[in-house]
Structures are given as structure tokens and as C-alpha cells.
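To start, the structure under review is shown below, and the notes come after it.
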Amino acid sequence: MTLTDQIICIALAALANFATRVTPFLLFRTEAATPDFVTGLGRFLPAAIMGMLVVYCYRNVNWLGGTHGLPEVIAGVVTIIVHLWKHSLFLTLIVGTLCYMLLINFIF
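Numbering (our numbering), first residue to last: 26 to 133.
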């Protein structure tokens, strides 16, 4: 790939990034009411995304062998408890990941 090709790729990526960030502000101005469809998505999508993340995290767990999925389940329960306790996404992610890493490296 030549230098010109690299510059063109970077420029296209920057343009696409800018366009995807500006478009919502152009479509949904403050004086206009938010469409019901978008409001409905705002209520539905967070739960759907969480469901997809749970499926993604547990998709390759070998429930019948080795640890029987105990590190994953324990880390998942710790993550839920920390989130319900502190309501902090950052803290939830850090504690859940740290718990899982400690479990698989030092206990299981």
C-alpha cells in the first residue's frame, strides 16, 4: 500500500467518523420532538445489548468439563452485585474483569 493510499484510507475513515457523529445532531434538532421510534429504541436497546453481552460472555464455557464454568458464573455474580450496589459502570467493569482474571489465574 502506497503512502497516497494510506492517506486516502485515513481521510475516508475520518470523514466517515465525522459524518456518523454529526448526522444525529442534524436530524434531531432541539426544537423538534424526538420521534416515538427513537424513544422506543432508547427503552429497548439497553436491555437487548446486555442480553447479547451475556450470551457472548458465556458462549464458549465448557459446562461439563474442567471448572464447570465456575469462574465465569462467580465473576458474573460479583459483577451484578457490584453494579446493584454502586451503580457505576466503570467500577462494575473493572471489578468484574479483575475478579474473573484472579479466579482463572490463581484459583482455577
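All residues carry an ideal CB built from backbone N, CA and C; glycine is no exception.
Backbone secondary structure at residue i - three-state DSSP
| i | result |
| --- | --- |
| P60 | coil |
| W88 | coil |
| T55 | coil |
| T29 | helix |
Residues of its chain near residue i, where Cβ-Cβ distance is below 7 angstroms and the 5 sequence neighbours each way are ignored
| i | result |
| --- | --- |
| L128 | P96, I99 and A100 |
Environment of residue i [buried if 16+ CB atoms lie within 10 Å]
| i | result |
| --- | --- |
| T59 | exposed |
| T117 | buried |
| V120 | buried |
N- and C-terminal bounds of the alpha helix (DSSP H) containing residue i
| i | result |
| --- | --- |
| L109 | L95 to K111 |
| I132 | No alpha helix (DSSP H) contains I132, which DSSP labels as neither H nor E. |
Close beta carbons around residue i, own chain, < 6 angstroms, minus the five adjacent residues each side
| i | result |
| --- | --- |
| T92 | F133 |
Neighbourhood of residue i by C-beta distance below 8 angstroms, restricted to the same chain and skipping five residues each side
| i | result |
| --- | --- |
| V63 | F53 |
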